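**Student:**
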Amino acid sequence: MTSQTTSAVQSKTEKVEKLAFLITIITTILERIWILIKGRNGRQMEKTEKFWDMIAIDFDKQTGNRIEQNHFKTVEKAKKHLSVGDVVLDYGCATGTITIGIADSVKKVYGIDISSKMIDAAKRKAVERKIENIDFVQSTIFDERHKRASFDVILAFNVLHLLEDTKKIMKRMNELLKPGGFFISSTVCMGDKKTSINILLFLLIKTGIIPSMRFFKIYELEGSIANGNFQIVETESLSNIGSQPNHFIVAKKLLTHVTQL
Ligand SMILES: C[S@@+](CC[C@H](N)C(=O)[O-])C[C@H]1O[C@@H](n2cnc3c(N)ncnc32)[C@H](O)[C@@H]1O
């Protein structure tokens with residue numbers, strides 16, 4: 012075979028491989044949209060759980076460079092507020108990347124998530140890495156197994172915008188924290204800017220294809236946290252997810268109830 016024929020064969024093989032890859036991606040996307048359409052009339056919590064179970068399959072593979080950098084920054088910033096004796100709750104922990112990232116800085120971490128598939132993946136990762144001070148549990152924040160005033164720190168990374176009643180959630184966070192405990196969060200704030208992604212998300216939510224989410228403006232997010240009887244001690248836009256700011260907030264549980272305006 013001449014070198015010209017060899018390179019022609021190689022280029023044909025590459026084209027076939029690329030086409031096969033494209034077909035796999037398109038089939039996967041169509042399959043997911045079909046599952047979401049079929050399940051869109053279910054009960055809200057079940058729908059949310061099924062949606063995140065489906066995302067769990069390749070959640071770790073989907074994390075691109077920017078998201079990884081963001082996770083790294085979030086972990087580094089959160090660690091500044093953690094102590095070796097702390098008992099921590101990581102709310103909406105998914106496959107446990109951040110939970111595992113902070114485990115060596117604290118006494119004990121509980122990672123909770125509504126999706127059993129996320130929790131299964133998180134448990135596997137912790138076993139592989141021989142981490143013994145984490146408990147991953149499929150649960151929501153209102154689970155009665157979580158006792159009042161039992162956590163020094165609650166983490167909520169990339170989850171607050173996915174929850175329906177922020178007021179009720181912040182009240183519960185306050186209840187679960189020890190006096191003077193910290194609530195540390197990062198939240199994508201999509202309310203300050205109108206983009207084509209926002210419009211697409213809005214349509215998918217309205218048609219019941221994906222679970223609802225909040226399009227926070229930064230000041231609304233800060234207000235919702237402060238109104239749960241917290242004092243904001245740090246607030247900063249970490250980076251952009253797409254073109255939307257991912258906002259990092261550290262808030263301290265107030266000892267006495269303060270009515271916010
Ligand atoms: C975008 S992921 C963020 C995961 C992780 N905290 C991070 O920053 O990589 C959101 C996670 O929140 C979970 N979630 C959504 N609604 C929830 C709820 N009501 N209670 C508990 N977890 C929930 C989802 O299952 C998903 O794993």
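For the sequence shown, this note's numbering begins at 12 and goes up steadily by one. Just so it is clear, CB atoms sit at the ideal spot from N, CA and C, and this is done for glycine as well. For clarity, every value in this text was computed on a predicted model and none was experimentally measured.
1. Could you spell out where the alpha helix (DSSP H) holding Asp64 opens and where it closes?
2. Between Thr5 and the rest of its own chain, which residues show a CB-CB distance below 8 angstroms, the 5 nearest in sequence each way excluded?
3. Quick one: what does DSSP say Cys245 is sitting in, helix, strand or coil?
4. Check this for me: beta carbons of Glu60 and Ile123, under 7 angstroms apart or not?
5. Are there 16 or more other CB atoms within 10 angstroms of the CB of Ala132, so buried, or fewer, so exposed?
6. Run the CB neighbour count on Pro190, radius 10 Å, all protein chains shown included, and call it buried at 16 or more, exposed below.
7. How about the region 175-183 and the region 229-246: do they share at least three Cβ pairs that are nearer than 8 angstroms?
8. Thinking C-alpha only, which one of Tyr230, Phe62, Phe194 and Pro256 is nearest Ala262?
9. Quick check on Ser250 - is its C-beta less than 7 angstroms from some C-beta in chain C?
10. Could you give the DSSP three-state label for Ser126: helix, strand or coil?
11. So, using beta-carbon positions, are Ile221 and Leu215 closer together than 7 angstroms?
12. Would you decide whether Leu272 is buried or exposed? Buried here means 16 or more other CB atoms lie within 10 Å of its CB.
13. Could you pull the start and end residues of the beta strand (DSSP E) that Lys263 belongs to?
14. Under three-state DSSP, which class holds Leu174?
15. Would you decide whether Leu30 is buried or exposed? Buried here means 16 or more other CB atoms lie within 10 Å of its CB.
16. Rounded to whole angstroms, what's the CA-CA distance from Ala11 to Ile152? Just pull it up for me.
17. From the DSSP secondary-structure annotation, give me the bridge partner or partners of Ile165.
18. Residues in its own chain within less than 7 angstroms of Phe162 by CB, not counting five upstream and five downstream?
**Tutor:** Put simply:
1. Mapped onto the sequence shown, residue 64 falls at position 53. Segment Gln55 to Ala67, the alpha helix (DSSP H) holding Asp64.
2. The displayed coordinates of the chain run from 12 to 272. Any statement about residue 5 would go beyond what the structure contains.
3. Position 234 of the sequence shown, counted from the start, is the residue given in the question as residue 245. Residue identity check: residue 245 is Glu in the sequence provided, not Cys. The answer is strand: DSSP assigns Glu245 an E or B state.
4. Counting from 1 along the sequence shown, the entry for residue 60 is found at position 49. Counting from 1 along the sequence shown, the entry for residue 123 is found at position 112. No.
5. By 1-based counting over the sequence shown, the position of residue 132 is 121. So Ala132 counts as buried.
6. To locate residue 190, count along the sequence shown from 1; it is residue 179. Looking at its Cβ environment, which holds fewer than 16 other Cβ atoms inside 10 Å, Pro190 is exposed.
7. Remark: three or more beta-carbon pairs, one from each stretch, lie closer than 8 angstroms, so the region 175-183 and the region 229-246 are flagged as touching.
8. As a first step, residue 262 is located in the sequence shown; it is residue number 251 there, counting from the start. Cα-wise, what sits closest to Ala262 is Phe194.
9. This model lacks chain C altogether, as it is built from one protein chain only.
10. Position 115 of the sequence shown, counted from the first residue, corresponds to residue 126. In this structure, Ser126 counts as coil in the three-state DSSP scheme.
11. Residue numbering aside, residue 221 sits at position 210 when the sequence shown is read from its first letter. Residue numbering aside, residue 215 sits at position 204 when the sequence shown is read from its first letter. It is a contact, given that the beta carbons lie within the stated cut-off.
12. On the sequence shown, position 261 is the one that residue 272 refers to. Legend: pLDDT at Leu272 = 44, less than 50; position of this residue unreliable, value from coordinates given subsequently. Exposed, since its Cβ has fewer than 16 Cβ neighbours within 10 Å.
13. Working through the sequence shown from its first residue, we reach residue 263 at position 252. Residues Gln255 to Lys264.
14. Residue numbering aside, residue 174 sits at position 163 when the sequence shown is read from its first letter. The answer is coil: DSSP assigns Leu174 none of H, G, I, E or B.
15. For the purposes of this step, residue 30 is taken as the residue at position 19 of the sequence shown. So Leu30 counts as exposed.
16. Nothing in the structure corresponds to residue 11, since the chain is present only between 12 and 272.
17. Counted from its first residue, the sequence shown places residue 165 at position 154. Answer by DSSP bridge pairing, in chain order: Leu100 and Phe194.
18. On the sequence shown, residue 162 is found 151 positions in, with the first residue counted as 1. Excluding sequence neighbours, Phe162 sits near Val98, Val99, Leu100, Leu187, Leu188, Lys189 and Gly192.
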